[in-house]
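Take a look at the structure below.
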Amino acid sequence: MRFIVPHPGHFAALKEIIEAKETKGLGEVKEVYMAGSPEVMGSGRATLHSVRIADIKEQTDYAHQHDLKMNIVVNPSCLGGYHLTLQGYKLFTSYFEELNKAGVDGVTVAEPYFVELLRDLPMETVVSCIAHVDSPQRAEFFEALGADTIALDTNINRNFPVLEAITKAVRCDLKILVNEGCLYKCPFRHAHFNLFSHITANRSTLMKSQSTNIFSDYYFDKCISIRVRDPAQIIRSPWIRPEDLKEYEALGIDSFKITGRANAVNWIINCMEAYARRSFTGNLLDLIDCPSELRYTFHVDNELLDGSIKQWKTCKKICDECRYCDGLTGKVLRVSK
Amino acid sequence: MKEEIVEGRKRLEGELRKLVGNVFVPEAKVFGMACGCIGFAADLRGLQVDAVEVFMEKITALLEEISASVGVKPEIIYARKLPGSEEVVVFTTRELCERCKKEFAGSKAPPRPDILILKKKRQR
């Protein structure tokens, strides 16, 4: 089993994450990832740091000294077509070459064209979950483009027949995001990733003309409100408990990515430890990213969720007929006082 | 309390202008968070990280005084940058809840890369 851990981007945080990994003996933590340079392109998630190539090199060297791989995430879901201009082609290919020279081990991208651009470089090409690989067919397409690893769409985290079919359809590595708490089949998912892709690119020399001064993050606000009104949506989200990772290993999937690169360092360390130990006691929402603020409103007792994976493994995903998650919500979730 | 917040905003803006030039403080507020933290926050326009670093001591003392005037005894004082840039957009002083003492203020590193810590009370 290997864990891939988020890194907010500043060197001091990397040192602290590595120190925690080593002092706590978390040997299965094998890789860290952080956002690339917003001056070049945006990202599907909030990017709190503007990291330069020299900084990436220094941090990559440090990670290597501690037997960790470094992955750089450059996964905007929308580039406004700039990647298909000559100027964009030159900028992005030279950026990927610079990352390679800096010693980076892998690059995570969502744009299919980038998967092809990266195939001539020795770095691991990781297809982001933002590429929404949710079927054997789509996995085959990305593998044919040059993917070394695919981070699967979180919407299929609890769809074991599809997961199994994907493991049989492709030979590349597969990775699962364990603690993303997005709404199952979220209607905002594509639009929200697109919004972030543009907002985080507002320092890009190519895309700054598209910079936006939005009045609010509509999708985030709606997402929270939907769950406050209907907490069963929290249980329906495709997160995976630390205790249930073994069910995925049984399918042959043994790479687990912890999400939350925009969270505080100690939050990341707590998640890393819980998943690496495959055990957690307390409010499961303390481990769930996107959004983490629901933990102030709700308490989900992780121990009371024991055994629920059996239902989810065979679930037909027709919530209106099943209502298992609604019943479970009443048993495991309470409003915090 | 209302008068103190208004006065605090005005004083912060005035002092920052004396130190670094044209700075705008469009809004100041006292807040209470769901986790239990309470604090004082001032939005900023025109201030950059290097100026905060140069005048850190003076700015910290000023924020402590303003916080005290609105009833906040800060355990942490920090500036938040616009992610990935040098623009400082908020000063926050916070009395921490038990969770945030460990999670937000418990690391040696700044909790996030967009946070510049001005002062942190040592936790026991």
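Protein chains in written order, with my numbering: chain X, 115 to 451; chain S, 24 to 147. Beta carbons: idealized from backbone N, C-alpha and C, even for Gly.
Original post:
Along chain X, in chain order, which residues have C-beta atoms closer than 7 Å to that of residue 127 (chain S)?
Top reply: Numbered from its first residue, the second sequence carries residue 127 (chain S) at position 104. Those are 378, listed as they occur along chain X.
**OP:** Kindly list the residues whose CB is nearer than 6 Å to the CB of residue 191 (chain X), restricted to its own chain and excluding five residues on each side of it in sequence; keep chain order.
**Re:** Residue mapping note: residue 191 (chain X) aligns to position 77 of the first sequence, counting from 1. Cβ neighbours of residue 191 (chain X) beyond the five flanking positions: 158, 224, 244, 307, 308 and 311.
Original post:
If we call anything under 8 Å between Cβ atoms a contact, is residue 412 (chain X) one with residue 450 (chain X)?
Top reply: If you number the first sequence from 1, residue 412 (chain X) lands on position 298. If you number the first sequence from 1, residue 450 (chain X) lands on position 336. The answer is yes: Cβ separation under 8 Å.
Subject >> Host beta strand (DSSP E) of residue 186 (chain X) (start-end) >> reply: Within the first sequence, the letter at position 72 stands for residue 186 (chain X). Going by DSSP, residue 186 (chain X) is part of the beta strand (DSSP E) stretching over 183-187.
Subject >> chain X within 8 Å of residue 137 (chain S), Cβ atoms only >> reply: Here residue 137 (chain S) refers to the residue found at position 114 of the second sequence. Output row for residue 137 (chain S): interface = yes.
**OP:** Could you spell out the range, first to last residue, of the alpha helix (DSSP H) harbouring residue 207 (chain X)?
**Re:** By 1-based counting over the first sequence, the position of residue 207 (chain X) is 93. First-last of the alpha helix (DSSP H) with residue 207 (chain X): 200-215.
**OP:** Determine, using beta carbons only, whether residue 390 (chain X) and residue 235 (chain X) come nearer to each other than 8 Å.
**Re:** Here residue 390 (chain X) refers to the residue found at position 276 of the first sequence. Here residue 235 (chain X) refers to the residue found at position 121 of the first sequence. The answer is no: Cβ separation not under 8 Å.
Subject >> Same chain, Cβ closer than 6 Å to residue 289 (chain X), five either side skipped, listed in chain order >> reply: To locate residue 289 (chain X), count along the first sequence from 1; it is residue 175. These residues qualify, in order along the chain: 263, 265, 369 and 371.
**OP:** Closer than 9 Å by beta-carbon distance: list the chain X residues that pair up with residue 134 (chain S), in chain order.
**Re:** Taking the second sequence and counting its residues from 1, the one referred to as residue 134 (chain S) is at position 111. Simply 122, 127, 377, 378, 379, 380 and 381.
Original post:
Starting from residue 330 (chain X) and walking both ways along the beta strand (DSSP E), at which residues does that stretch end?
Top reply: Mapped onto the first sequence, residue 330 (chain X) falls at position 216. No beta strand (DSSP E) contains residue 330 (chain X), which DSSP labels as neither H nor E.
Original post:
Using 8 Å as the Cβ pair cut-off and three pairs as the minimum, do the region 290-306 of chain X and the region 348-357 of chain X touch?
Top reply: yes
Original post:
Using a C-beta to C-beta distance shorter than 7 Å, which residues of chain S count as neighbours of residue 130 (chain X)?
Top reply: Residue numbering aside, residue 130 (chain X) sits at position 16 when the first sequence is read from its first letter. Here the neighbours are 130, 131 and 132.
Original post:
Closest Cβ-Cβ distance between residue 69 (chain S) and chain X: below 8 Å?
Top reply: Within the second sequence, numbered from 1, the residue matching residue 69 (chain S) stands at position 46. No, residue 69 (chain S) lies away from the interface with chain X (no Cβ there is under 8 Å from its Cβ).
**OP:** State the DSSP-derived secondary structure class of residue 356 (chain X), mapped to helix, strand or coil.
**Re:** Within the first sequence, residue 356 (chain X) is the residue found at index 242, counting from 1. Helix, per DSSP.
Original post:
So what's residue 154 (chain X) in DSSP terms, helix, strand or just coil?
Top reply: In the first sequence, residue 154 (chain X) corresponds to position 40, counting from 1. Taken through DSSP and simplified to helix, strand or coil, residue 154 (chain X) comes out as coil.
Subject >> Assigned exposure category for residue 439 (chain X) - 16 Cβ within 10 Å defines buried >> reply: Position 325 of the first sequence holds residue 439 (chain X). Label assigned to residue 439 (chain X): buried.
**OP:** Could you say which of X:146, X:303, X:358 and X:131 lies nearest to residue 332 (chain X) if we only look at CA atoms?
**Re:** The residue labelled residue 332 (chain X) in the question sits at position 218 within the first sequence. Considering only alpha carbons, the answer is X:303.
Original post:
Using Cβ-Cβ distances below 7 Å, what residues of the region 49-74 of chain S are close to chain X?
Top reply: 57 and 58
Original post:
Can you tell me whether residue 379 (chain X) is buried or exposed, with buried defined as 16 or more other CB within 10 angstroms of its CB?
Top reply: Reading the first sequence from its first residue, position 265 is the one you call residue 379 (chain X). The residue in question, residue 379 (chain X), is buried, as its Cβ has 16 or more Cβ neighbours within 10 Å.
**OP:** Kindly indicate which three-state DSSP category residue 350 (chain X) falls into: helix, strand or coil?
**Re:** The residue labelled residue 350 (chain X) in the question sits at position 236 within the first sequence. Residue 350 (chain X): helix per DSSP, three-state reduction.
**OP:** Kindly identify the DSSP beta-bridge partner or partners of residue 290 (chain X).
**Re:** Locating residue 290 (chain X) in the first sequence gives position 176, counting from the first residue. Note: residue 290 (chain X) is bridge-paired with X:370 in the DSSP secondary-structure output.
Original post:
chain X partners of residue 106 (chain S), CB-CB under 9 Å?
Top reply: Residue numbering aside, residue 106 (chain S) sits at position 83 when the second sequence is read from its first letter. The contact set of residue 106 (chain S) on chain X, defined by CB atoms closer than 9 Å, consists of 152, 160, 161, 162, 163, 164, 314 and 376 in chain order.
Original post:
Which whole-angstrom value is the C-beta distance of residue 62 (chain S) and residue 118 (chain S), which I expect to be below 8 Å?
Top reply: Your numbering for residue 62 (chain S) matches position 39 in the second sequence. Your numbering for residue 118 (chain S) matches position 95 in the second sequence. Residue 62 (chain S) to residue 118 (chain S), Cβ: 6 Å. Contact.
**OP:** Mark residue 77 (chain S) as exposed unless 16 or more other C-beta atoms lie within 10 angstroms of its C-beta, in which case mark it buried.
**Re:** Within the second sequence, numbered from 1, the residue matching residue 77 (chain S) stands at position 54. Exposed is the call here.
Subject >> Own chain residues within Cβ distance below 6 Å of residue 60 (chain S), not counting five before or after >> reply: Counting from 1 along the second sequence, the entry for residue 60 (chain S) is found at position 37. Non-local beta-carbon contacts of residue 60 (chain S) in its own chain, meaning distances under 6 Å to residues more than five positions away in sequence, involve 117, 119, 120 and 123 in chain order.
Subject >> Beta-carbon neighbours of residue 410 (chain X), restricted to chain S and to distances below 7 Å >> reply: The count along the first sequence starts at 1 and reaches residue 410 (chain X) at position 296. What residue 410 (chain X) touches in chain S: 57 and 58.
**OP:** Could you have a look at residue 221 (chain X) and say whether DSSP puts it in helix, strand or coil?
**Re:** Here residue 221 (chain X) corresponds to residue number 107 of the first sequence, with the count starting at 1. In this structure, residue 221 (chain X) counts as strand in the three-state DSSP scheme.
**OP:** Output the boundary residues of the beta strand (DSSP E) element that contains residue 141 (chain S).
**Re:** Translated into positions along the second sequence, residue 141 (chain S) becomes position 118. Unbroken beta strand (DSSP E) run through residue 141 (chain S): 138-143.
Subject >> For residue 281 (chain X): DSSP bridge partner residues >> reply: Numbered from its first residue, the first sequence carries residue 281 (chain X) at position 167. Under DSSP, residue 281 (chain X) forms no beta bridge with any residue.
Original post:
If you draw a straight line from the C-alpha of residue 81 (chain S) to the C-alpha of residue 114 (chain S), how long is it?
Top reply: Counting from one through the second sequence, the residue named residue 81 (chain S) turns up at place 58. Counting from one through the second sequence, the residue named residue 114 (chain S) turns up at place 91. Each residue's alpha carbon lies about 13 Å from the other.
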